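Q:
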Amino acid sequence: MDELIQVVSKLANSSKVSQPIRVVGIDLGTTNSVLAYIDIIDPSKSDFEIKVLEVAQETRSGKHFGELLPSAIAIHNGMVYIGHGAIHCRGQMNKFGLEQDKNIFWDTKNLMGIERTFHRARKGFNNAKEIAAQILQFLNAQIKTTGNSQIKYSTVTVPASFNPNQKADTKWAAKTAGIPASELSLLNEPTAAFIAYSYLYMQGRSFDLSSPKNLIVFDFGGGTCDVALFSLRRSNGEMSQSLRAVSRYHRLGGGDIDRAIVVDVLLPKLYVQNQVTSHDFDFFEKSKELIPQLLSSAESLKIGLCGLLTHAEKTKDYEGNKAGIKHTLTRTIKVELKSGQSLFLESPSLSLAEFEIALNKFLEEDLLYHRESEYGMTCSIFAPLQNVLSRADLHQHQVHYCLAVGGSCLIPQIQEALAKFFVNAEILTFQDHGENQTCVARGAALQALHLASGGAGLVPPTSSDSISIRTKNGATELVPATARLPFPSENEWSELGSLQAPKSAIGSSFPLRLELVDSEDLVVSKDTWQVNPVVNKGDSLCLRYRMDENQCVELKMSLAATPDEVLYHDTRNPFSNVASHNAERERILELEEQMRSETMNVGQQTRCIDEIAKLEHELGNNEKALGLLSRLNQRAPDAQRLHRMGMICGDLQDYDRQEKFYRESARLLPHSGAALFNLALSFKKRGRITEAVECAKAARAKSADPAYKVLEIELAQQFGNEARDFNRELEEAIQQFPDLQIQDDFELSWYRNAAVLTSNKQLLKQIDDERTRRIKEGHSTGLNDGYLPLGTEGIIPKS
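Residues in the sequence shown are numbered from 283 upward in steps of one, following the numbering used here.
Written out as structure tokens, the structure reads:
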């Protein structure tokens, strides 16, 4: 028999149940959710059919029936719309009085497992797991009205590298929706897609497994990009599959492409048709009102254009005519703002040329990192692909098969990019769009059937890489690569004996660093815990560990002398590669959550928003920062805040408002020259020298700051006609700067300008040496804080 249909033969055995049953598979997606089910009516027969539930969805214009349930909820006039009804409401949010995360919700799956609340929402809709529970409950209620069979088992899919908190939230949502925990399992989405493809297409196909083959599942959906690498080989005459690596970038999905179309294509057209500019709307009007109301139109344009491109690809009639190939919606989109203003976008269209401009950032092959703006985040599809190959130590040419699934893989440019990237691979796809978008739920239903009949899972889970603990004496392997999971076995632990305390904790504690590394000695997980007194250097430490079927490692550390007193206990997924936020973004999320969940007075709220605006400006999100500061300034004008608003307007090249904010700041703070100093720099940059000289003189008159003197002297020397001893004035200014080592970066910059203007090479070298020193110190990351444990001995399984 064909080696690669072993999954199918396992499924044939699955149907050998003793009584009629129903099993359910649910793809709980970021953009769409799907429920597939299998009914075994006559247990004596081995054949069965996978069906997909036609979901009845209330809308304002009647019921919509479809296999795809948009993962969106809207609450309007006491009615809860789930699915298409919510998406229709999103297109007219202001008309229906809807606000995101208050009474309309979408794309919440990526917020699972984190402490993010929707504080303005009513009970039952206060966080991502409650939204997930509402969607699962909606599906569960509908499937129970179909047929007479009792649901025996349910499998819900999750991204391959969901961490323990995210999986716990998914299980909580399922339980809340009425799915008993004893009848529930989770399954990785790419594994589910692989199972479905195996069942539907691998019968009758011949595959050469004389040597192991590598298969990548590229699951590019509406909200996530999930990549998994499987190794296919012949074992004891049968095909076996093992999961080698996974990679997930949660800020990458078809929804991000829709948002890029809105920002890059539709918004500029909206401005032109309504004779307005981007500067006429602040960040909140754009992000909370304009963009959400255009997302559905962007998705429709994308889908329509891709249909045209599929036909054009067959006829090759698009070459040289990218501007001419376009899809147009034959309607006028009305966009309403809370201010009462209405904008109209007549016959919105998307050409191939425009689409490729929006899409190119997702197909970048060199810049494989997340790029953030205040209106969205983009990342190349090659980032997770390259990452999963790197984890498995493979080159792209060593991939033999690539299974492309998910709605975003229907985009012709995505298919073309995959084919060019995997030049030696056969690109596998589902035969029609419906199967492509429901395959994950179908695979989950097949898994549920196998589990309901007493099986252990269709694709045995394995460790995708080895995991070792790093000590001062080197690394010791804990879990080998391709180990069957759970490891060492169900409900058992392995024990590492013995680690040793690297130093004593007598009068005070010390940090012990726990690092897990992969087969390439790359740190995949890191933490520290405080060893409290009394511990002597060389005391034995006991590390117990195990890895579950989802590759989550559970660690327990204790002193060997008192093994029952657990000093450190943690569970983590070392193979997850969820794109993390930087420190500034993490702080912003922390502050936003504090404002949602804590009772703050006006002063505390103001300080929080001020800090958020500062961080957003540092991240380059200028319009968001300006919008936050503008709203604060409406409460009470503040000179320093106006000054910052002027700086941001300069970054936006909105020079009229920049001058307005700087001059108002100077008026409110008459004894400070800071605003006029920066205004002088702005005028100089734009070649308006007369105004620059005037502002520099005014700033110098208000403040004795030597930097102000240097700027005024520089402008007067270059463009003025006064008879002055500029060198003497510059030497006096140099003497007024503080000592070099205690100057801040602003002072150091103008100190250097003064050295250049006076041709003081010795001083210039001292300044450059100081700048070099600061840059080097600024690169210190603190990643080596804490002590590694001392040497290791053997590993023994322990129940």
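Heads up, the beta-carbon is just placed ideally off N, CA and C, and yes, glycines get one too. Keep in mind it's a predicted model, so treat the numbers as computed, not measured.
Tell me whether S524 is buried or exposed, calling it buried when 16 or more other Cβ atoms sit within 10 Å of its Cβ.
A: S524 comes out buried.
Q: Does DSSP put A986 in a helix, in a strand, or in coil?
A: coil
Q: Could you pull out every residue in the same chain whose Cβ sits closer than 8 Å to the Cβ of P856, ignoring the five residues on either side in sequence?
A: Setting aside the 5 residues that flank it on each side, P856 is surrounded in the same chain by I749, L798, D800, V806, S807, Q833, V835, each with a C-beta closer than 8 Å to its C-beta; the list follows chain order.
Q: Under the assumption that A475 contacts G725 (Cβ atoms under 8 Å), give the Cβ distance between them as a whole number of angstroms.
A: 6 Å
Q: Within 10 angstroms of the Cβ of A471, are there 16 or more other Cβ atoms? Answer buried if so, exposed if not.
A: Note that residue 471 is Glu in the sequence shown, not Ala. Looking at its Cβ environment, which holds 16 or more other Cβ atoms inside 10 Å, E471 is buried.
Q: For A510 versus D747, is the C-beta spacing smaller than 8 Å?
A: no
Q: Which partner residues does Q339 have in the DSSP bridge list?
A: H346
Q: Taking contact to mean 3 or more Cβ pairs, one atom from each stretch, closer than 8 Å, check whether the region 697–704 and the region 713–731 are in contact.
A: no
Q: In its own chain, which residues sit with a C-beta less than 7 Å from the C-beta of I930, not counting the 5 before and 5 after it?
A: H899, N904, A907, L908
Q: Are the region 576–584 and the region 608–622 touching by the rule of at least three beta carbon pairs closer than 8 Å?
A: yes
Q: Across which residues does DSSP place P352 in a beta bridge pair?
A: N314
Q: Out of curiosity, what's the CA-to-CA distance linking M659 and V545?
A: 12 Å
Q: Write down the C-beta distance between P743 and S529 rounded to the nearest angstrom, noting that I regard them as a contact closer than 8 Å.
A: With a Cβ gap of about 17 Å, P743 and S529 do not count as contacting.
Q: Three-state secondary structure (DSSP) at Y481?
A: It is helical.
Q: Going by Cα to Cα distance, which pick from G360, K345, G365 is closest to A354?
A: G365
Q: Could you have a look at Y850 and say whether DSSP puts it in helix, strand or coil?
A: strand
Q: Let me check understanding here. Comparing Cα to Cα, which of A686, E875, D329, V438 lies closest to Q419?
A: Nearest of A686, E875, D329, V438 to Q419, Cα basis: V438.
Q: Using DSSP bridges, identify the partner residues of C824.
A: S840
Q: I'd like the list of long-range same chain contacts for Q999, defined as Cβ closer than 6 Å, with 5 residues on each side in sequence excluded.
A: F1008
Q: To the nearest angstrom, report how far apart P302 and F330 are at their CA atoms.
A: In a straight line, the C-alpha of P302 is about 12 Å away from that of F330.
Q: According to DSSP, is T972 part of a helix, a strand, or is it coil?
A: helix
Q: Counting along the chain, where does the alpha helix (DSSP H) carrying G537 start and finish?
A: Note, G537: alpha helix (DSSP H), 536–543.
Q: Using three-state DSSP, classify I396 as helix, strand or coil.
A: coil
Q: Tell me which residues share the same chain as S862 and place their Cβ nearer than 7 Å to its Cβ, disregarding the 5 neighbours each side in the sequence.
A: Because the pLDDT of S862 is 47, which lies under 50, any placement of that residue in the model is unreliable, and the question is left without a value.
Q: From G307, K643, E647, G379, pick the residue whose C-alpha is nearest to that of E654; which is it?
A: K643
Q: Can you check whether the CB of R867 is closer than 8 Å to the CB of L901?
A: yes
Q: In this structure, how does DSSP classify I332 when only helix, strand and coil are distinguished?
A: Strand, per DSSP.
Q: Sorted by chain position, which residues of the same chain lie with C-beta nearer than 8 Å to A842's C-beta, five sequence neighbours on each side aside?
A: G779, S780, D821, S822, L823, C824
Q: So, under 8 Å CB-CB, Q678 and L645 are touching, yes? Tell me the CB distance rounded to an integer number of Å.
A: Q678 to L645, Cβ: 15 Å. No contact.
Q: For F420, does the three-state DSSP call read helix, strand or coil?
A: helix
Q: Smallest Cα separation from S229: which of E973, A787, A981?
A: The displayed coordinates of the chain run from 283 to 1081. Any statement about residue 229 would go beyond what the structure contains.
Q: Rounded to whole angstroms, how far is the Cβ of L466 from the Cβ of L548, which I believe are closer than 8 Å?
A: Actually they are not in contact, since the Cβ atoms of L466 and L548 sit about 41 Å apart, beyond 8 Å.
Q: Under 8 Å between the Cβ atoms of L393 and I386?
A: no
Q: Tell me whether T972 is buried or exposed, calling it buried when 16 or more other Cβ atoms sit within 10 Å of its Cβ.
A: exposed
Q: If you follow the alpha helix (DSSP H) that A727 is part of, which residue opens it and which one closes it?
A: 715–734
Q: Nearest-angstrom Cα distance between T1112 and I413?
A: The structure shown has nothing for residue 1112, since the chain only spans 283 to 1081.
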